[in-house]
Every structure is written in structure tokens, then in C-alpha cells.
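Chains as they are written, first to last, in the UniProt record's numbering: chain L, 1 to 394; chain Z, 1 to 394.
Notes follow the structure.
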């Protein structure tokens, strides 16, 4: 079956997470990704654990479906091969610190001369403009600088980093959207352009209502833990064997909850009559509810709430997530065979297209796995390829 | 200047956050969004605080650049108008609970009959397939069920929700990518299709290396707070007036740090010699480093670390974020005039396109602000529009 992005060819110079995540999303939907890696070492994340038979689980999880070409872009011959590939490419992706491509002689302006329709996508920590442009960023620095950590965590506790690298991944998703928008424009006009996405910008863009709350009140929002700022009860509670969520968003559901747990006294308690009463007396209510919830297991409660139509859910750890019937039904945990690592578990494809479904057709490539075939396609002979290898070009 | 997605017309039935976020991203880049709202009340989030002169800051922050058409889709005349608009539309978006569109007589199969090239994008809690499909989801339920909360928070503490609704927003970004990919495919083939994105799937897709870590070790990853699992020191520290990040990713940077803070004794301490030594003795090191960092202000330290090339950064609250020079240089905090609310602060556009830059051209619409003009364009007379209003169709 044809795939949505079939025919799109991307030269991918990105490493580690933000850029590779973006190109993975595009490759899942059919784009051809030629991942260009430094000979010898490759993408830094090939060295990150956990390892499976010596192969990086980290690397494998964001580089499926891609081809690997080793190329030393600091050599003239390496650059020449790059420009040969550029002729037939639609998109160049990189996530270097701004200025790196210029130093390599691969500035957008140069690439555009060789291929005027090229789309050049850069994903960096702080972007290609502004006073911080040249600085290095890590996920935690961006989560911290953007305000995201200042609104995450327990009340009165320290600012908290989200456990997944959302600084990188969000920037990767915005980069993918930028590339696809630029491709759409190019199909209409033939015009290529540069896409510039910053991790810091991406985090600011997803602060959600925190910006509106700050603007309306003049006060910086603080972490409020797991509860909803204005809907009560809508939070995490402690059962006898773990945590669960109860999300009773209105007075009707609150009554249902009181009845379900056999505490109609609470329903009549004036402190908890309306949503605003409950929000006002949250601390007292939380203690009372935790006393109730602590008497049974997570499963017992969820079964009871489910039966009574009270929105609730478990807080799953990874062991439960990877076995969850809905997660499995949606093919969101999948397995793939890797020639060295063996069978590898990874997240599936979250974009379900009815007529051109995405597909995981190949595991993450070994370093340079496709060098020979790509150079052969460009017309290089075996002898020439041998020589380039000896010279450290590939 | 032409915009990247100019000419794309989207009929947008989405409400609250995930769907409206997706259509905002597309509207920022030039797509025309006709937001269809229930007469009288409109998008639920028009009722969510904070309010500015009675207008919802929440609603305004994710609905800029859109047109509002009120339409009661439960009436025959409302449906007729919808089908008239469908003829010239490229995309339909909805984020109802699965089954709702079918009940309205607006199943994808019906819409496809009327407009075979239509792209139908659905963004729901659990997706349009699987045993949980029909259940309602909220952001916190999805963050909890997906495992995201199980890897966020302080070690030994409760699972923690990310302060922004990343369950909704991530799903919105995947929906935007799905729509653009489907548009690309349609330009090549003329074929429309259905895009089905679930909030739960989106969270599983961004769990990052947690899936690989679980698979490699058989143990569910737990919250490790703000530190890096294998690089030390790479965490949050407490200065005299707040928190800051220090990210000294290798032995060289560690030496530099010891020298910068005048503690070369630490550099020679066998407990902290190599990265793995430091990771092993993290608890002791954290106490020592916090004792050092507690003696000066955040600003004093950042200035010193900056001078010495040690990666570091502040943990900004919203007050600092909205004034940050890099954030402002990148136009990531912008203001817009709203006819009722006045001047409103909101996040800017994180996708910077060099030749077709995105633009915020209009504030979020008042409820039904564009009903008259849209119906006039369809050929309805003022009398007919009056009658439809009286009947509660618009």
C-alpha cells in the first residue's frame, strides 16, 4: 500500500533526540530518511544505554525505518557526495548548534544554490536568532528556562522536570509540522525555504493556560501538584496498593461518588456542597477522600467507579502500560527484529491514517548499513567506495 | 506575503484543547479555520477562567486566527449548511467521543460521499478502535494511564502530572502532522482519508527511552526527580534565592565547576573522580553541592558559570519567562488586541518559516462573529439568516 509521504526524500544530519524524533515521525508515514552519520562513531546516542546485545535501546527507539550513510562532512569528498545527494533531496534536517552548518560550508544559502527547492529544517536549543542563539541547550535547561518546571510538581516543593524529554520531543513535533507545511507550499509554488524551530520556543508554545493565568492575575502560576486548579475532586488518591485518579467534574458526579463509596454524609456536608465549596476546602476533602480510598485496592475502586460512571483511572507504570488492552489494541507497543539486538520493544505509530497507514518496515540501521548501496546508486564503483573508506570519508 | 497553508479550508468542530490546539497551529501557518460552535454557548472553554473583561483567557489563547460560525448540527437546516460548507472544505476536524459524529449523521462515510477528497481528522481520548474507544478521557487520566506520571516526580514521592496539559497538546500536534501528511498524499493522488489520533497513544509515543529501559531491564522506570539517570552533576540546585540547573556533562566540566566555585578538594575527592563515581555517590554530592550553591544568588552563580563555560540555567517562573530576552527576540510572547478583552498576552508561533512566516492576524472570534458573512457567502439572504437565528439553527 502506498504511504502518505512516499516520494519525500530527507537528508538527515540530526543526532540524539529532537531531530531524530522528527524524522522518525516522517519516516513512519513513508518519507525516505537518509541518516548521515560521522564515520566510526555515528549518532552520539548510539553510545547511550540501555543496551541490548551492545546495541543502544535509546538509539533504536527513535531511528527505525531510516537508512544510515556514514559521511565525513569535513572532507572535500564527503561534501561532494553530500551535494550529489542534495540534488535529489526534498528536505535537509539538522539539529546542530547554530553556525555549525556554516562552518562546514553547508549553510542554507549554499544548499539553496545547488537545489533551489530544498527545504532546510533546523531544530536547535534556542533558535537561529536572538541573543541566546549560539548557546547549547539540554532538555532540562529548556524545561527550566521556559517556565514548564515552575508549574510542575507538588505545592511548596521544588520545580519538577517532566520524566520524558518533552523539551526535545515537542520541538521535534513542531519541526515535522514545519517541514510538512513547507512541502505543501512548495507543491503549490516550487519554492523551498528554511524552517527554524527552537526547543525553548516549543516549550513556551505549550505552556497552555499558564500564560493567560499570569497575564490575568499578574502572578506567576505555581505547581499545584496533581489536582485541577478549579475542579474538585479531580486529582490523585492513595489506595491500599497504589495510586488512582478520580475526576468527578461536577456536582452530579460528586453525589455519585459519595453514594458509591457509601459516604452520603459527605454529600450533605456544607463544606463540600458545590464545586467551589469543594475547591475551597480541598485540603480537608483530600484527607477525607484518601482515608476512604486507602481502604481498598486500586482495582476494587476502579471496578466500582466504572460501574457507577465516575471518571477514574489507574496510574500505570511501564509494566502495566505495555500490557494494557487499549494500548495493545491500538498497536502502540510493537516489537521488531533487529539483526544484532534481537527482538526489540518500541512505541508504535500514533497517527492512524485510514488509506495510507504508517508502517515500521525496518529496524534502526547499523552504522553505515546503507553506505554501500547509496554510493552504488550514485554511480560509485566498489573500488572507489573502498578508497573512500580507507580515507575515512565514509 | 503568501502563507504556507494558504488555500487550505478546515471545518473545525473541535472544542476545549486538543483539537483547537491542532487547528491553531495550522491557522498560524495560513489555513482558514471555520470553527463551528453550538449556538448560545459555543466551545465549552469559553466558560473557563481566567477571564479578561468577561472573555475567557483560556479560549482566547488557543483560538486566534479562526472564524466562528454558530450552527446547531442537530437540526436539519444546520446540517444542510454544514454540507454546503463541506463541498469547498479540505479538512473536517472533530474531537468528540467516538460515535458522536455518527449520531449526528456526520460519519466519515457520509461526508466522504459528499466530498470524496475530504480529510477527516478525529482526535479523541482513546481513539476510534479498541476496548476503551467509547470512554471519556481527561488530560490527567491519559497522563496517568500512559505511564507518563509514573516517571515524573521526586524519587519515592507520588507520581506527578506535568503542569501543562501535554496529554491534549501532544495529541493535537500529532493530529496536525496527520492532517498535513494526508494533504500531501491528496495532492499527489486526489484521495482523502480519515486521520485517527488518540491522546493515550500520543503519550505512549513520547515516553522516550522509558519503554527501552523497561524492555532492557524488565523493571518499570520510576521518577528520579530532576537529576539525569546517568550523567552527574546534571540536576537542580538550591541557591540562596531560588533554584538553578547545573549540567556538567563530563569530567572536564566537573573540574571546571570545582575550580569555579573554589572547591578543588572536590575535584580530588575519590568519591567524585569520574562520572560514574559521581553518579554512584550522588546523594552525598547533592548535599555538598547544595551547601556550596546555597551561599550565593541564582544570578551570581549563573554569571560565574557562564563566564567559565559551565552549562547552567535558571528555573524561570512565568514572570521571568515573559520578559526573557531570548523569548522576546523570538517573538514567543506576543500581544493582540481583542475587541472585548483588550490587549491580551499569548504565546507566539514556534514554527519559523523563512519565506512564508506564520502570522497572528486576528484575535479569537466572538461566538458567531462570522456567521453572517459565511452564510452570506453561501448565498443566504438577510431574511433567511434572521429566520435561522430565530429557529436556533445558528
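Quick reminder that beta carbons are idealized off the backbone N, C-alpha and C, glycines included.
Using CA coordinates, which residue listed in Z:222, Z:355, Z:3, Z:182 is at the minimum distance from residue 117 of chain L? For the purposes of this step, residue 117 of chain L is identified with residue 117 of the first chain, where counting begins at 1. With distances taken between Cα atoms, residue 117 of chain L lies closest to Z:355.
When burial is assigned at 16 or more other CB atoms within 10 Å of the CB, is residue 156 of chain L buried or exposed? Against the first chain, residue 156 of chain L aligns to sequence position 156. Exposed, by the Cβ-count rule.
Does the ligand COA have even one heavy atom less than 8 angstroms from the beta-carbon of residue 327 of chain L? Looking at this structure, you won't find the ligand COA or any other ligand, since it has none at all.
Would you mind telling me which residues of chain Z sit closer than 8 angstroms to residue 369 of chain L, beta carbon to beta carbon, in chain order? Translated into the one-based positions of the first chain, residue 369 of chain L becomes position 369. Simply none; closest approach about 20 angstroms.
Do residue 211 of chain L and residue 347 of chain Z have their C-beta atoms within less than 9 angstroms of each other? Reading the first chain from its first residue, position 211 is the one you call residue 211 of chain L. Reading the second chain from its first residue, position 347 is the one you call residue 347 of chain Z. Yes, they are a contact pair.
In whole angstroms, give me the CA-to-CA distance for residue 341 of chain L and residue 170 of chain Z. Position 341 of the first chain, counting from 1, holds the residue named residue 341 of chain L. Position 170 of the second chain, counting from 1, holds the residue named residue 170 of chain Z. In a straight line, the C-alpha of residue 341 of chain L is about 30 angstroms away from that of residue 170 of chain Z.
Those residues which DSSP pairs with residue 194 of chain L across a bridge: For the purposes of this step, residue 194 of chain L is taken as residue 194 along the first chain, with counting starting at 1. Partner(s): L:120.
Scan the segment 5-27 of chain L for residues whose Cβ lies nearer than 9 angstroms to a Cβ of chain Z and list them as they occur along the chain. 5, 6, 7, 8, 17, 21, 25, 26
Beta-carbon separation (whole angstroms), residue 208 of chain Z vs residue 146 of chain L, contact threshold 8 angstroms: One-based indexing of the second chain puts residue 208 of chain Z at position 208. One-based indexing of the first chain puts residue 146 of chain L at position 146. Actually they do not touch by this definition, with Cβ atoms about 18 angstroms apart.
Flag residue 157 of chain Z as yes if its beta-carbon sits less than 9 angstroms from any beta-carbon of chain L, otherwise no. If you number the second chain from 1, residue 157 of chain Z lands on position 157. Closer than 9 angstroms to some Cβ of chain L, the Cβ of residue 157 of chain Z qualifies, so yes.
I need the DSSP call for residue 345 of chain L, collapsed to helix, strand or coil. Counted from its first residue, the first chain places residue 345 of chain L at position 345. It is a strand residue.
Residues of the segment 128-146 of chain L with a CB closer than 7 angstroms to any CB of chain Z: list them in chain order, please. Of all residues in the segment 128-146 of chain L, those with a C-beta nearer than 7 angstroms to a C-beta of chain Z are 129, 130, 131, 132, 136, 138, 140, 141, 144, 145, 146, reading in chain order.
Please go through the same chain and pick out, in chain order, the residues whose beta-carbon is closer than 8 angstroms to the beta-carbon of residue 374 of chain L, but skip the five residues on each side of it. In the first chain, residue 374 of chain L corresponds to position 374, counting from 1. Within the same chain, 34, 67, 69, 85 come within 8 angstroms of residue 374 of chain L by CB-CB distance, once the 5 residues on both sides are set aside.
Answer with yes or no whether the minimum CB distance from residue 383 of chain Z to chain L is below 9 angstroms. Locating residue 383 of chain Z in the second chain gives position 383, where the first residue counts as 1. No, its Cβ sits nowhere closer than 9 angstroms to a Cβ of chain L.
The beta strand (DSSP E) that contains residue 94 of chain Z, what's its start and end? Position 94 of the second chain holds residue 94 of chain Z. 91-94 is the extent of the beta strand (DSSP E) around residue 94 of chain Z.
Please list, in chain order, the residues of the segment 158-177 of chain Z that have any C-beta partner in chain L closer than 7 angstroms. Within the segment 158-177 of chain Z, the qualifying residues are 158, 159, 160, 161, 162, 163, 164, 165, 166, 169, 173, 174, 176, 177.
Within 9 angstroms, strictly: CB atoms of residue 184 of chain L and residue 173 of chain Z: Taking the first residue of the first chain as position 1, residue 184 of chain L is located at position 184. Taking the first residue of the second chain as position 1, residue 173 of chain Z is located at position 173. Not a contact, by the Cβ cut-off of 9 angstroms.
With 16 other Cβ atoms within 10 Å as the buried cut-off, status of residue 404 of chain L: Chain L is shown only over 1 to 394; residue 404 of chain L falls outside these bounds and no answer can be derived.
Under three-state DSSP, which class holds residue 9 of chain Z? Within the second chain, numbered from 1, the residue matching residue 9 of chain Z stands at position 9. Note: residue 9 of chain Z maps to strand in three-state DSSP.
Please determine, among L:274, L:263, L:191, L:270, the residue with the shortest C-alpha to C-alpha distance to residue 231 of chain L. Residue 231 of chain L sits at position 231 when you count from the first residue of the first chain. Selection L:274, L:263, L:191, L:270 evaluated against residue 231 of chain L yields L:274 as nearest (Cα-Cα).
Output yes if chain L places a C-beta closer than 9 angstroms to the C-beta of residue 180 of chain Z; else output no. Translated into positions along the second chain, residue 180 of chain Z becomes position 180. Residue 180 of chain Z counts as touching chain L.
Tell whether a beta-carbon distance below 9 angstroms holds between residue 151 of chain Z and residue 144 of chain L. Translated into positions along the second chain, residue 151 of chain Z becomes position 151. Translated into positions along the first chain, residue 144 of chain L becomes position 144. With respect to the 9 angstroms criterion, residue 151 of chain Z and residue 144 of chain L are not classified as neighbours on the basis of their beta carbons.
Quick check on the DSSP output: the alpha helix (DSSP H) that includes residue 382 of chain Z runs from which residue to which? Position 382 of the second chain, counted from the first residue, corresponds to residue 382 of chain Z. Taken as a continuous stretch (DSSP letters only), the alpha helix (DSSP H) holding residue 382 of chain Z covers 382-390.
If you reduce the DSSP assignment to three classes, tell me which class residue 224 of chain Z lands in. As a first step, residue 224 of chain Z is located in the second chain; it is residue number 224 there, counting from the start. Residue state, collapsed to three classes: coil.
Please tell me whether residue 305 of chain L has its Cβ less than 9 angstroms away from any Cβ of chain Z. By 1-based counting over the first chain, the position of residue 305 of chain L is 305. Closer than 9 angstroms: no.
For residue 43 of chain L, count the other beta carbons within 10 Å of its own beta carbon; 16 or more makes it buried, fewer makes it exposed. Which is it? Residue mapping note: residue 43 of chain L aligns to position 43 of the first chain, counting from 1. Looking at its Cβ environment, which holds 16 or more other Cβ atoms inside 10 Å, residue 43 of chain L is buried.
Burial state of residue 264 of chain Z (16 or more Cβ within 10 Å): Taking the second chain and counting its residues from 1, one reaches residue 264 of chain Z at position 264. By the neighbour-count rule (16 or more Cβ atoms within 10 Å), residue 264 of chain Z is not buried but exposed.
So residue 140 of chain Z is in the beta strand (DSSP E); what residue range does that whole segment cover? Looking up residue 140 of chain Z in the second chain gives position 140. First-last for residue 140 of chain Z: 139-145, but that is the alpha helix (DSSP H), not the beta strand (DSSP E).
Can you give me the start and stop residues for the beta strand (DSSP E) that residue 335 of chain L sits inside? For the purposes of this step, residue 335 of chain L is taken as the residue at position 335 of the first chain. Taken as a continuous stretch (DSSP letters only), the beta strand (DSSP E) holding residue 335 of chain L covers 333-338.
With the cut-off set at 9 angstroms, would you say residue 294 of chain Z and residue 235 of chain Z are in Cβ contact? In the second chain, counting from the first residue as 1, residue 294 of chain Z sits at position 294. In the second chain, counting from the first residue as 1, residue 235 of chain Z sits at position 235. No, they are not a contact pair.
Under a CB-based cut-off of 9 angstroms, is residue 191 of chain Z close to chain L? If you number the second chain from 1, residue 191 of chain Z lands on position 191. Yes - at least one Cβ of chain L is within 9 angstroms of the one on residue 191 of chain Z.
Can you pull the chain L neighbours of residue 195 of chain Z, defined as C-beta to C-beta under 9 angstroms? Residue 195 of chain Z sits at position 195 when you count from the first residue of the second chain. In chain order: 351, 352, 353, 354.
To the nearest angstrom, how far is the alpha carbon of residue 131 of chain L from that of residue 326 of chain Z? Translated into positions along the first chain, residue 131 of chain L becomes position 131. Translated into positions along the second chain, residue 326 of chain Z becomes position 326. Taking the straight line joining both Cα atoms gives about 6 angstroms.
Starting from the N-terminal side, write out each stretch of the beta strand (DSSP E) that is 3 residues or longer and does not extend beyond the segment 231-312 of chain L. 234-239, 242-247
When the Cα of residue 285 of chain L is compared with those of L:73, L:191, L:190, L:272, which residue comes out closest? In the first chain, counting from the first residue as 1, residue 285 of chain L sits at position 285. The shortest C-alpha to C-alpha distance from residue 285 of chain L to any of L:73, L:191, L:190, L:272 is the one to L:272.
Please confirm if the segment 184-204 of chain L is in contact with the segment 119-129 of chain L, defined as three or more CB-CB distances below 8 angstroms between the two stretches. yes
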